[in-house]
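Here the sequence shown stands for residues 1 to 413, where the numbers follow the UniProt record's numbering. Built from N, CA and C at the ideal position, the CB exists for glycine as well.
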Amino acid sequence: MLNKSISVKDCRDILLKATNIDPNVNDVCYEVNLIDDSFGYIADLARLAISVGEQNDEISSKKFMFVAKLVPLDSNGEIRRSDLNWMFDREAFMYSEILLKIKEAANWYPKCYLARENLLVLEDLNLSGFKHLVHRTRLDRPLVECVLRSVAAMHADSIAFEVKIHPKTVREVFGAYKAEFAITPEMKWFQMGLEAVKRIIPISRNYHRYSSKYSNKLFDELVFPVYEMVKPSKKYRNVFCHQDLWAGNIMFKFQKTNGEDNLNEPISCVFMDFQFPRYLPPVADVLMFILMSTRLENRREYLMSYYKYYYDCLRMELEKQELNPDDVLTWHDFQSSCNELKLFPLVFNCVALPFTFYPKDIQVKMKNCTDAEFQRVRDVGHYDFMLQYMKEDDEFKDVILESIEELMEELFD
């Protein structure tokens with residue numbers, strides 16, 4: 001069934017883009033194999049091997065490896081996450097229309113050789129030495145700064161596209177995908193996430209400081225501004241924002257020490273999964289990434305220095321593009337945007353973090369469950385599911401409570 005997702009003609013087109021090889025159709029064969037331990041709610045990952053030449057001739061035959069991202073199908077060939085298929089459509093659009101226009105050969109996203117509504121074919125970054133971190137790894141300062149360098153490059157490329165190439169904003173290029181897709185008062189998964197947060201607040205570590213003035217009604221009123229914050233700002237410079245930067249969507253390349261990756265010396269990183277981009281001020285990416293990837297202790301110590309590091313990197317990247325940083329985004333304006341818009345990343349982190357931090361085996365079960373089971377967890381029993389693993393898993397509990405503690409400080413201090 002997997003092999004039916006792609007054709008010999010597709011493989012020929014892929015090879016032409018990836019290698020400049022233009023093989024005779026008769027010389028091409030391919031194989032698609034699922035990556036069993038891959039995780040993702042809306043897609044299956046597979047390895048695509050394309051061979052060219054006589055298959056029994058090791059000298060003339062060549063094999064090329066790629067990663068394929070496919071719409072997940074059940075055993076009957078039906079789409080397993082039909083209600084989320086719009087995300088796959090959106091990502092295919094980002095690869096085929098947005099990313100290539102912003103910068104054709106950027107080093108912050110993988111090369112894409114085929115993008116359509118049910119299939120993406122990407123370069124296999126493992127072959128270039130990139131790897132995912134172990135699930136649940138919380139990033140320390142060297143890793144955070146590595147990511148911030150790439151975030152700055154992405155944002156600078158977005159700005160340069162607008163200033164030097166395209167007469168309109170990046171948002172105009174989004175076309176039919178401009179409308180907000182996840183964070184609205186009507187979006188059930190987000191509202192159920194907020195309900196779960198409200199039910200957990202009374203057991204948060206700092207609740208005693210706010211219990212006399214806290215109410216669910218007041219919480220709703222204080223959180224309501226996020227629905228405006230997810231729209232392009234009329235006050236601050238907007239850029240193309242990834243909006244889903246956590247460790248599972250980032251691949252790193254490291255310096256070697258005695259032949260082994262030195263996790264304290266990252267060289268570079270590449271971003272994956274472009275389903276959720278928005279056109280927002282840079283802090284929407286910067287702070288969301290930091291919140292979803294570090295522990296609270298790290299943030300308390302380094303957050304301000306992370307902001308400064310990002311901004312210095314952004315200045316450097318803009319200067320590479322022959323743009324004057326002070327004409328684009330001053331340090332003062334960036335700081336102001338961090339203060340004025342931080343509520344959105346803080347709220348979103350509380351809602352989304354559990355889905356990224358469940359134990360790996362639970363994530364795989366959620367990936368493979370039926371639509372009805374998945375919707376029950378996401379849209380109905382989110383709180384019960386979270387509470388179950390908070391009782392069973394101290395690390396999960398600590399990370400969830402940290403996110404709520406930070407949000408409470410922002411809302412009530």
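Closest residue to residue i among the options (Cα-Cα distance)
| i | options | result |
| --- | --- | --- |
| residue 388 | 41, 379, 358 | 358 |
| residue 50 | 34, 289, 138, 14 | 14 |
| residue 128 | 146, 181, 65 | 65 |
| residue 23 | 61, 32, 43, 42 | 61 |
| residue 122 | 380, 38, 278, 45 | 45 |
| residue 41 | 364, 287, 409, 113 | 364 |
| residue 241 | 253, 131, 154, 146 | 154 |
| residue 19 | 4, 52, 181, 90 | 52 |
| residue 385 | 94, 234, 366 | 366 |
| residue 156 | 200, 102, 91 | 102 |
| residue 337 | 243, 238, 369 | 238 |
| residue 318 | 158, 86, 126 | 158 |
| residue 32 | 267, 7, 12 | 7 |
| residue 126 | 97, 10, 251, 164 | 251 |
| residue 284 | 335, 165, 326 | 335 |
| residue 302 | 160, 216, 141, 236 | 141 |
| residue 84 | 152, 71, 21 | 71 |
| residue 436 | 69, 94, 96, 160 | Residue 436 lies beyond the stretch modelled for the chain, which goes from 1 to 413, so this question has no answer here. |
| residue 353 | 246, 131, 99 | 246 |
| residue 177 | 93, 287, 410 | 93 |
| residue 401 | 107, 297, 307, 282 | 297 |
| residue 415 | 304, 412, 181 | Residue 415 lies beyond the stretch modelled for the chain, which goes from 1 to 413, so this question has no answer here. |
| residue 148 | 73, 345, 412, 306 | 306 |
| residue 264 | 281, 355, 146, 199 | 146 |
| residue 169 | 233, 287, 38, 411 | 233 |
| residue 356 | 287, 248, 368, 286 | 248 |
| residue 124 | 199, 38, 68, 12 | 68 |
| residue 28 | 379, 412, 9 | 9 |
Terminal residues of the beta strand (DSSP E) in which residue i lies
| i | result |
| --- | --- |
| residue 33 | 28-34 |
| residue 115 | 112-116 |
CB contact below 8 angstroms: residue i versus chain B
| i | result |
| --- | --- |
| residue 266 | You won't find chain B in this structure, because it holds only one protein chain. |
Identity of the residues DSSP links to residue i by a beta bridge
| i | result |
| --- | --- |
| residue 51 | 29, 63 |
| residue 68 | 46, 121 |
| residue 279 | 240 |
| residue 422 | Lying outside 1 to 413, the shown extent of the chain, residue 422 is not represented and no answer is given. |
N- and C-terminal bounds of the alpha helix (DSSP H) containing residue i
| i | result |
| --- | --- |
| residue 11 | 8-19 |
| residue 389 | 382-392 |
| residue 139 | Here residue 139 belongs to no alpha helix (DSSP H), and DSSP marks it neither H nor E. |
| residue 89 | 85-93 |
| residue 171 | 170-173 |
| residue 379 | Segment: none, residue 379 is in no alpha helix (DSSP H) and carries neither H nor E. |
| residue 98 | Premise fails: residue 98 is in no alpha helix (DSSP H) and is neither H nor E. |
| residue 368 | 360-368 |
Near the ligand SAH: residue i beta-carbon under 7 angstroms from a heavy atom
| i | result |
| --- | --- |
| residue 207 | Looking at this structure, you won't find the ligand SAH or any other ligand, since it has none at all. |
- Item | Three CB pairs or more closer than 8 angstroms across the segment 182-195 and the segment 214-229 | yes
- Message: To test your reading of the DSSP string, which unbroken beta strand (DSSP E) runs of 3 or more residues are found completely within the segment 285-356?
- Response: none
- Message: Contact between the segment 205-214 and the segment 391-398 is defined here as three or more beta-carbon pairs at a separation below 8 angstroms; is this criterion met?
- Response: no
- Sequence ranges, beta strand (DSSP E) only - wholly within the segment 185-272, length at least 3: 239-241, 250-257, 260-271
- Determine contact between the segment 267-275 and the segment 324-340, defined as no fewer than three beta-carbon pairs at a distance below 8 angstroms. These segments do not touch.
- Is it true that the segment 341-354 meets the segment 224-239, where meeting means three or more beta-carbon pairs spaced less than 8 angstroms apart? yes
- the segment 107-119 contacting the segment 181-191, beta-carbon criterion three pairs below 8 angstroms: No: fewer than three Cβ pairs fall under 8 angstroms.
- When the Cβ atoms of the segment 284-293 are set against those of the segment 347-364, are three or more pairs found closer than 8 angstroms? yes
- Stretch-stretch touch, CB-based, cutoff 8 angstroms, three pairs: the segment 370-383 with the segment 310-325: no
- Query: Are at least three pairs of beta-carbons, each pair with one atom in the segment 94-114 and one in the segment 398-407, less than 8 angstroms apart?
  - Reply: no
- Could you tell me whether the segment 169-179 touches the segment 250-264, using the rule of 3 or more Cβ pairs below 8 angstroms? no
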